[in-house]
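Peer 1: Protein chains in written order, with this note's numbering: chain P, 4 to 263; chain Z, 4 to 263; chain Y, 58 to 373; chain H, 577 to 835; chain E, 577 to 835.
By construction, the Cβ of each residue, glycine as well, lies at the ideal position given by its N, Cα and C atoms.
This one's a predicted model, so the numbers in the text were calculated from it and none came from an experiment.
This is the structure I want to talk about, given as structure tokens.
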Amino acid sequence: MAISKRKKFLVKHASWLLMIVLLVFWEFICRALQVPQFLFPAPTAVLEAGIARWEIISMHALQTLYTTLVGFAIAVAFGLLVGMAVGSSPLVYRALYPMMVGFNSIPKVAFVPVLVVWFGIGTVPAILTAFLISFFPVLVNVATGLSTLEPELEDVLRSMGASKLDILRKVGLPRTMPYFFASLKVAITLAFVGSVISETVASNLGIGYLMMAASSSMDMALVFAGLIVIGAMGVGMYELFALTEKRFTGWANRGSGGVA
Amino acid sequence: MAISKRKKFLVKHASWLLMIVLLVFWEFICRALQVPQFLFPAPTAVLEAGIARWEIISMHALQTLYTTLVGFAIAVAFGLLVGMAVGSSPLVYRALYPMMVGFNSIPKVAFVPVLVVWFGIGTVPAILTAFLISFFPVLVNVATGLSTLEPELEDVLRSMGASKLDILRKVGLPRTMPYFFASLKVAITLAFVGSVISETVASNLGIGYLMMAASSSMDMALVFAGLIVIGAMGVGMYELFALTEKRFTGWANRGSGGVA
Amino acid sequence: MTNINFTLDWRIEGPSAPFLMALERGYFEEEGLRVSIDSGNGSAGAVTRVATGAYDMGFADFNALVEHVAANPDDSLQAVYMVYNSIPAAVFAAKSSGIETPADLVGKTLGSPVFDGGRKAWPSFAAANGLEVDAVSWESVDPAIRETLMAQGRLDGITGFYFTSLLNLEARGMDMDDVTVMLYADFGVPLYGNAIIASNGMMRDNPDAVAAFNRAFNRALVETIEDPATAITYVKQRDGLIDEELELRRLNLALESVVITDDTRRDGLGSVTMERLETAIDEAVSSFGLSMTPVAAELFNMDMLPERASREVPAL
Amino acid sequence: MEQVRFEQVSLAYDEGGPLAIQDISLSVAENEFIAVVGPSGCGKSTLMKLVSGLTEPTEGYVYVGGRQVAGPQKCIGMAFQASNLLPWRTTLDNVMLPLEIVQPYRSQMRRQRKAFEARCRDLLARVGLAGNEDKFPWELSGGMQQRASICRALIHKPKLLMLDEPFGALDAFTKEELWIMLQELWQEEPFTVILVTHDLREATFLADTVYVLSKGPGQLVARKAIEQARPRKLEWTYTDDFARDVHELREHIGRIRES
Amino acid sequence: MEQVRFEQVSLAYDEGGPLAIQDISLSVAENEFIAVVGPSGCGKSTLMKLVSGLTEPTEGYVYVGGRQVAGPQKCIGMAFQASNLLPWRTTLDNVMLPLEIVQPYRSQMRRQRKAFEARCRDLLARVGLAGNEDKFPWELSGGMQQRASICRALIHKPKLLMLDEPFGALDAFTKEELWIMLQELWQEEPFTVILVTHDLREATFLADTVYVLSKGPGQLVARKAIEQARPRKLEWTYTDDFARDVHELREHIGRIRES
Ligand SMILES: Nc1ncnc2c1ncn2[C@@H]1O[C@H](COP(=O)(O)OP(=O)(O)OP(=O)(O)O)[C@@H](O)[C@H]1O
Ligand SMILES: Nc1ncnc2c1ncn2[C@@H]1O[C@H](COP(=O)(O)OP(=O)(O)OP(=O)(O)O)[C@@H](O)[C@H]1O
Ligand SMILES: [Mg+2]
Ligand SMILES: [Mg+2]
């Protein structure tokens, strides 16, 4: 029992423990190899910079969080809708899929200038970039989830005379939830990447701007503080999903003990 | 029957047809709105540029394809392995997942300068960037696939006294294939993005370099030709997966008629 | 043979001509050097590349070097050949916004990336022309789109490299008659431009190779000035993508604006005067808000320059 | 009036492949209770899919309620051979499903949710699942899943009820209780029933007419009317009369196997 | 020698929740054929999971082959109540699965693949599935899936065979054929069998000993030895002798239900 309790403790706090281990390791590497500050600052330096400038950082972070979340929300809605279309119709599947893959192979940063020219500098291009970069995983996973739906379950609904829409709502989507939540984890990281990238190209606000500004004044510690804030926001969003996911896909995770 | 034949034809060639429609639409917009060439060149201009410089483009494209594929291969292997660990062990799940999400929220382009210092400019940073950017979707989907494995199927193997590894090989992985292939579609697009981005920052070769060079000589048609070549390579890779996918996940797609 | 890997400030363009010419014509080899040249990612990035030892030498912004050494006093990177005798930055402003003189900039919006040399040196420009530092407001935009935005009238003006932004504005359909161009050097900014820099290790272990590099480069630079059109062919040879005509213009603009100046006519190519160097460093320190002032003599190593006679600006 | 009608129906799952059923013609009157028996793999489940419109016949026509079947039907309740409960819904929610889909319940769902829930709980209690309403399907035993699936087929009072081996995983006593329950429901408010079963006693006890399918591609080989009056009592199953009927069916099937 | 032994075993699926089985003690001799009967939901499948080590008892101990069960066993063949065939494998490959996992077959797989395949095809033919080897599970009827699953449990000649309602979806004739087949196999090379079934005739015909579980949390309420000599013939099932045994079991269960 004692062993199991210790194990539970370990499982519960594993992420913190690992993070601390990694930070210590990073600090050690930086000191031992004397990695120059302007290349890769040690965590202590980053922390220092972060604390010293936390007000500025948090202002920029809020902006980035805002654009990211709006872009992400649009991406999820769009990804779900198109994913449903792709997953339910062979015609749409054939027509859209290659196109989408092609489009997504293109670095979105190439479109930012065009967006800036159309929508001005700042929030809108960041939102759109976050959207453009993050809808694809949602689309692919929703489409895959729907197209691998067991026909037996579909038949249950069909036998009641359910419409296509009913089938989608009552069987297709619930069955697709594990796929959907998996894609959210990928999509949120991409949304952050998208808005930060757009901010580096054209914005006066946001972590992307902060990082550019910091790196142009060679303040790498601040750059890394920005990166870490992004990472932390990503983790925060993940924890949020993890909570929701538990509710929606508990049935699918019934096998794997403590995971879900 | 005639109708069904026409429909089949439509389904088969849908991607081409849609592409042609879009190109015509793009051309039309460019002409009608007189979109300036330096902002968004028309397809005809892009085609012209592409044909005029096809030798150079294909040289750069080959380099990009090479770095992308190597990075992608590493990403798939790594994503599979870590995904298997995350999907089978609650401890690893808890420890690694938040970390990975945090890491992936950070734009990879921020790491390229560091990679350049260690590995010089060119092929290696491009490969590594492609890897870093594209392993996450594979990891997430493999982990999700494994952790949503029906315990009933697992029990079949367990009742034979199969080892954990056997269970993974005989049930876990086959069951996860639909998830895996979905992730490949996302990962390959990201791998292209990664290597191109790395090339724009640190390389003398590759489509990324081509695009930067072209844009600094204000040859937007060539920039877009580069983008389109990337897209086309993405589609090519997708078609390759689609073929393999059919073999491995046909069982899961049995419901959806002509799709798989 | 000594191996030297060298990073440019930016992509292969017209102004890279002398480096490529020295390579292709074998001038480096004649000096006993095996040189490889890579394209760069910004003139500040080049400093980092050399500082970390990833590259032995590079073509980098001298002001970025000042900044780097101010932040990392232990790093003894040195500039060894001042290629651009003055900072190539300029303000480009639309006459339609009513801008003819620096004073007209007050209250206007300028655009450029935060790392742009012109933007960073703005306080110098402002001081030299009697403006408040915050007389203009800034939009941070990527280099790739600032000219587009200005051409569209979304920005009153931009800062940028003279010979880059000028060409970009033209390509976006602006008539240079409608644009006010204020080259920093012409408006009292004493800052230096891009220089060849050498790493710590290079200077310590093999100063002769650095000097040799400079000799070879100097020779190529002189020949480039004499015949830019031929020089451009080496650029084309290296990178088939470039538009020769355009790059020739770019090269000529660079030569005219920042390479052939009163100073270089007087002191020869590549050199600096200690006096101006000190002013320039002070100016950089105050402009960028640096915490310390590096010692001028440690930042620029005069000993590496080829002899004076070979550095004469050729008469055209 | 005729409720279901097969006209020389054949079906091959793969185009040009072997037939699953062949040349079947039969008709079921409104409110008739028929049973279909036959060896394993003869096409009984296939027959059910045809009636409910889940598959289309390769040849011939199927009519339900006088209309040719083209796609899923609205008035049907079906219990599948494998219970096919939705794993993300509790037992109660699984049984509620038809009420969320089928009119007129669907439009009353909002207002009457509580009443519908009570109705589901009642039905679940009747099949012995009281107390299991909030369990998920995988927390039920095989027989319990099957009973939940029967409830799901019944809850919306379909005009045509189709049961594909609904009692296969139940012990004799539970099974017999459910026979009685089904008969009661059917007598209270008559509806048409098609029952597929392997249990000849079950077929005899419940059905008005029993159809026997042959092996291989299923063909109709016999049709036997069971004349016993309703309500039938369990005691009847101990009579010789009953045994004779069962035996006759048994012989039909035995003959198929030998051929 | 004792093959399986339960010592006061209880199990609750949820910690502190209701018991699924309660205080069960029994022992199965080597090569004994036992059957377990009881009302639906009484814990028969749970019992099987305990023997095969898929679940751990909450209280008490389970021994197999003299060793306490801690985790999955190596010498077991199990046919689940729901057939649980792997959907990405053809019928043949599903039946081959144990040979890929269990020693000594596993290490001979490479060299003897052909021979093993032939063996699987033989077994499939014996249960009437010849010609369906290359079909996927969802292309089989319910009864065919069940037969494939029986083959999968038998193919590697396990020392302990566990069958959880293996014949529930089969018609009477196929079922009886398989009874005979199972008895033959068992007599050729004896092994221990635990059979869960709802069919009391089946239990009586096949088993040496029949255990009766009570409703609710399953408890052992009766144990009946069937004395009939082997090999038993189907004719025996028509005798009064047989009927009496079946009836006795029936009464046991009937009494459970009333209580
Ligand atoms: N989805 C399918 N694809 C291809 N063949 C199928 C499919 N479903 C059933 N079959 C085949 O059709 C035949 C009839 O199957 P069906 O399920 O109707 O039998 P059944 O009478 O219900 O048998 P059981 O009593 O075993 O349930 C079988 O030979 C089976 O292999
Ligand atoms: N995975 C599970 N989680 C929670 N409860 C379960 C689970 N599996 C079974 N149960 C419960 O345990 C009890 C016994 O189930 P079990 O499957 O052993 O019954 P059974 O005797 O096999 O019934 P049947 O004859 O219907 O198959 C039931 O009340 C069931 O609800
Ligand atoms: Mg069937
Ligand atoms: Mg059971």
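Expressed to the nearest angstrom, what Euclidean distance is found between the alpha-carbon atoms of residue 791 of chain H and residue 797 of chain H?
Peer 2: Here residue 791 of chain H refers to the residue found at position 215 of the fourth sequence. Here residue 797 of chain H refers to the residue found at position 221 of the fourth sequence. In a straight line, the C-alpha of residue 791 of chain H is about 10 Å away from that of residue 797 of chain H.
Peer 1: In chain order, what residues of the stretch 276-293 of chain Y put their CB closer than 8 Å to some CB of chain Z?
Peer 2: Going along the stretch 276-293 of chain Y in chain order, one finds no residue with a Cβ nearer than 8 Å to chain Z.
Peer 1: In chain E, which residues lie with their C-beta within 7 Å of the C-beta of residue 162 of chain Z?
Peer 2: Start at 1 with the first residue of the second sequence, and residue 162 of chain Z comes out as number 159. Correct list: 628, 630, 648, 652 and 654.
Peer 1: Quick check: the Cα distance between residue 142 of chain Z and residue 177 of chain Z, rounded to an integer number of angstroms?
Peer 2: The residue given as residue 142 of chain Z occupies position 139 in the second sequence. The residue given as residue 177 of chain Z occupies position 174 in the second sequence. The straight-line gap from Cα to Cα measures roughly 16 Å.
Peer 1: Below 9 Å on C-beta distance, what does residue 184 of chain P contact in chain Y?
Peer 2: Your numbering for residue 184 of chain P matches position 181 in the first sequence. What residue 184 of chain P touches in chain Y: nothing, since even the nearest Cβ is about 35 Å away.
Peer 1: Counting only Cβ pairs nearer than 8 Å, list the residues of chain P close to residue 597 of chain H.
Peer 2: Here residue 597 of chain H corresponds to residue number 21 of the fourth sequence, with the count starting at 1. Within chain P, no residue comes near residue 597 of chain H; the closest Cβ sits about 18 Å away, beyond 8 Å.
Peer 1: Name the two residues that bound the continuous alpha helix (DSSP H) containing residue 800 of chain H.
Peer 2: Within the fourth sequence, residue 800 of chain H is the residue found at index 224, counting from 1. Not the alpha helix (DSSP H): residue 800 of chain H falls in the beta strand (DSSP E), residues 796-801.
Peer 1: Below 8 Å CB to CB, which residues in the same chain sit around residue 244 of chain P once its five sequence neighbours on both sides are set aside?
Peer 2: Stepping through the first sequence from its first residue, residue 244 of chain P is reached at position 241. Cβ neighbours of residue 244 of chain P beyond the five flanking positions: 184, 187, 188 and 191.
Peer 1: Would you kindly report the start and end of the unbroken beta strand (DSSP E) that includes residue 578 of chain E?
Peer 2: As a position in the fifth sequence, residue 578 of chain E is number 2, starting the count at 1. Its beta strand (DSSP E) spans residues 578-588.
Peer 1: Skipping 5 residues on each side, what residues in its chain have a beta carbon closer than 6 Å to that of residue 645 of chain E?
Peer 2: Locating residue 645 of chain E in the fifth sequence gives position 69, counting from the first residue. Counting only Cβ-Cβ distances below 6 Å, and skipping sequence neighbours, we find 629 and 638.
Peer 1: Please list the terminal residues of the continuous alpha helix (DSSP H) segment that includes residue 216 of chain Z.
Peer 2: What you label residue 216 of chain Z is simply residue 213 of the second sequence in a count that begins at 1. Note, residue 216 of chain Z: alpha helix (DSSP H), 210-219.
Peer 1: Shorter than 7 Å from the beta carbon of residue 216 of chain Y to some beta carbon of chain Z?
Peer 2: Along the third sequence, one-based indexing puts residue 216 of chain Y at 159. Not an interface residue.
Peer 1: Residues in its own chain within less than 8 Å of residue 271 of chain Y by CB, not counting five upstream and five downstream?
Peer 2: Numbered from its first residue, the third sequence carries residue 271 of chain Y at position 214. Only 137, 138, 253, 327, 361, 362 and 363 meet the Cβ criterion.
Peer 1: Quick one: what's residue 814 of chain E bridged to in DSSP?
Peer 2: Translated into positions along the fifth sequence, residue 814 of chain E becomes position 238. Its beta-bridge partners do not exist; DSSP assigns none.
Peer 1: Mind reading off the beta-carbon distance from residue 124 of chain P to residue 198 of chain Y? Whole number of angstroms is fine, and I expect it under 8 Å.
Peer 2: Numbered from 1 along the first sequence, position 121 holds the residue referred to as residue 124 of chain P. Numbered from 1 along the third sequence, position 141 holds the residue referred to as residue 198 of chain Y. At roughly 6 Å, the Cβ-Cβ gap stays under 8 Å, so residue 124 of chain P and residue 198 of chain Y are in contact.
Peer 1: Can you check which of these residues, Y:296, Y:275 and Y:124, is closest to residue 212 of chain Z by C-alpha distance?
Peer 2: What you label residue 212 of chain Z is simply residue 209 of the second sequence in a count that begins at 1. It is Y:296.
Peer 1: How long is the line joining the alpha carbons of residue 62 of chain Y and residue 235 of chain Z, rounded to whole angstroms?
Peer 2: Indexing the third sequence from 1 puts residue 62 of chain Y at position 5. Indexing the second sequence from 1 puts residue 235 of chain Z at position 232. About 35 Å.
Peer 1: Any beta carbon of chain Z sitting closer than 7 Å to that of residue 297 of chain Y?
Peer 2: For the purposes of this step, residue 297 of chain Y is taken as residue 240 along the third sequence, with counting starting at 1. Yes, residue 297 of chain Y lies at the interface with chain Z (some Cβ there is under 7 Å from its Cβ).
Peer 1: Where do the N-terminal and C-terminal ends of the beta strand (DSSP E) with residue 48 of chain Z fall, by residue?
Peer 2: What you label residue 48 of chain Z is simply residue 45 of the second sequence in a count that begins at 1. Per DSSP, residue 48 of chain Z belongs to no beta strand (DSSP E); it is in the alpha helix (DSSP H), 46-55.
Peer 1: From residue 157 of chain P to residue 63 of chain P, what does the alpha carbon distance come to, in whole angstroms?
Peer 2: Counting from one through the first sequence, the residue named residue 157 of chain P turns up at place 154. Counting from one through the first sequence, the residue named residue 63 of chain P turns up at place 60. Answer to the nearest angstrom: the Cα atoms are 48 Å apart.
Peer 1: Have a look at residue 222 of chain Y and residue 144 of chain Z and give me their C-alpha separation to the nearest angstrom.
Peer 2: In the third sequence, the residue the question calls residue 222 of chain Y occupies position 165. In the second sequence, the residue the question calls residue 144 of chain Z occupies position 141. If I take the Cα positions, the gap works out to 46 Å.
Peer 1: How about residue 743 of chain H and residue 754 of chain H: do their beta carbons lie closer than 7 Å?
Peer 2: Along the fourth sequence, one-based indexing puts residue 743 of chain H at 167. Along the fourth sequence, one-based indexing puts residue 754 of chain H at 178. Yes, these two residues count as a Cβ contact at 7 Å.
Peer 1: Applying a beta-carbon distance threshold of less than 8 Å, which residues of chain Y neighbour residue 229 of chain Z?
Peer 2: Within the second sequence, residue 229 of chain Z is the residue found at index 226, counting from 1. Chain Y residues near residue 229 of chain Z: none, gap ~10 Å exceeds 8 Å.
Peer 1: Hey, residue 233 of chain P and residue 109 of chain Z: beta-carbon distance below 7 Å or not?
Peer 2: Along the first sequence, read from residue 1 onward, the residue named residue 233 of chain P stands at position 230. Along the second sequence, read from residue 1 onward, the residue named residue 109 of chain Z stands at position 106. Cβ distance < 7 Å, so residue 233 of chain P and residue 109 of chain Z count as in contact.
Peer 1: Can you name the residues of chain P whose CB is closer than 9 Å to the CB of residue 754 of chain H?
Peer 2: For the purposes of this step, residue 754 of chain H is identified with residue 178 of the fourth sequence, where counting begins at 1. Simply none; closest approach about 20 Å.
Peer 1: Are the C-beta atoms of residue 232 of chain Z and some chain Y residue less than 7 Å apart?
Peer 2: Here residue 232 of chain Z corresponds to residue number 229 of the second sequence, with the count starting at 1. For residue 232 of chain Z, the answer is no, since every Cβ of chain Y falls outside 7 Å of its Cβ.
Peer 1: Evaluate the contact criterion for the stretch 146-154 of chain Y versus the stretch 210-219 of chain Y: three or more CB pairs, one atom per stretch, below 8 Å.
Peer 2: In short, these stretches touch, since the Cβ pair count reaches three.
Peer 1: Would you call residue 71 of chain Z buried or exposed, if buried means 16 or more other Cβ atoms sit within 10 Å of its Cβ?
Peer 2: As a first step, residue 71 of chain Z must be located in the second sequence, where it is residue number 68. When all chains shown are included, residue 71 of chain Z counts as buried.
Peer 1: Taking 7 Å as the cut-off, decide whether the C-beta atoms of residue 123 of chain Y and residue 351 of chain Y are in contact.
Peer 2: Counting from 1 along the third sequence, the entry for residue 123 of chain Y is found at position 66. Counting from 1 along the third sequence, the entry for residue 351 of chain Y is found at position 294. It is a contact, given that the beta carbons lie within the stated cut-off.
Peer 1: Counting C-beta neighbours from all protein chains within 10 Å, is the total for residue 241 of chain Y 16 or more, i.e. buried, or is it exposed?
Peer 2: As a working mapping, residue 241 of chain Y is identified with position 184 in the third sequence. Residue 241 of chain Y should be labelled buried.
Peer 1: Can you give me the Cβ contacts of residue 821 of chain H inside the same chain, cut-off strictly under 7 Å, excluding the 5 residues immediately before and after it?
Peer 2: As a first step, residue 821 of chain H is located in the fourth sequence; it is residue number 245 there, counting from the start. The residues are 780 and 802.
Peer 1: Does the distance from the CB of residue 579 of chain E to the CB of residue 606 of chain E come in under 7 Å?
Peer 2: Within the fifth sequence, the letter at position 3 stands for residue 579 of chain E. Within the fifth sequence, the letter at position 30 stands for residue 606 of chain E. Result yes, Cβ atoms of residue 579 of chain E and residue 606 of chain E sit closer than 7 Å.
Peer 1: For residue 107 of chain Z, count the other beta carbons within 10 Å of its own beta carbon; 16 or more makes it buried, fewer makes it exposed. Which is it?
Peer 2: For the purposes of this step, residue 107 of chain Z is identified with residue 104 of the second sequence, where counting begins at 1. Buried: at least 16 other Cβ atoms inside 10 Å.
Peer 1: Which runs of the alpha helix (DSSP H) spanning at least 4 residues fall entirely within the stretch 233-317 of chain Y, listed in chain order?
Peer 2: Entirely contained in the stretch 233-317 of chain Y, the alpha helix (DSSP H) runs reaching 4 residues are, in chain order, 257-262, 264-283, 285-295 and 301-311.
Peer 1: Under 6 Å from any heavy atom of ligand 6, does the C-beta of residue 744 of chain E make it?
Peer 2: For the structure depicted, ligand 6 is absent and the ligand set comprises only ligand 1, ligand 2, ligand 3 and ligand 4.
Peer 1: Can you name the start and end residues of the alpha helix (DSSP H) that residue 745 of chain H belongs to?
Peer 2: Taking the first residue of the fourth sequence as position 1, residue 745 of chain H is located at position 169. Here residue 745 of chain H belongs to no alpha helix (DSSP H), and DSSP marks it neither H nor E.
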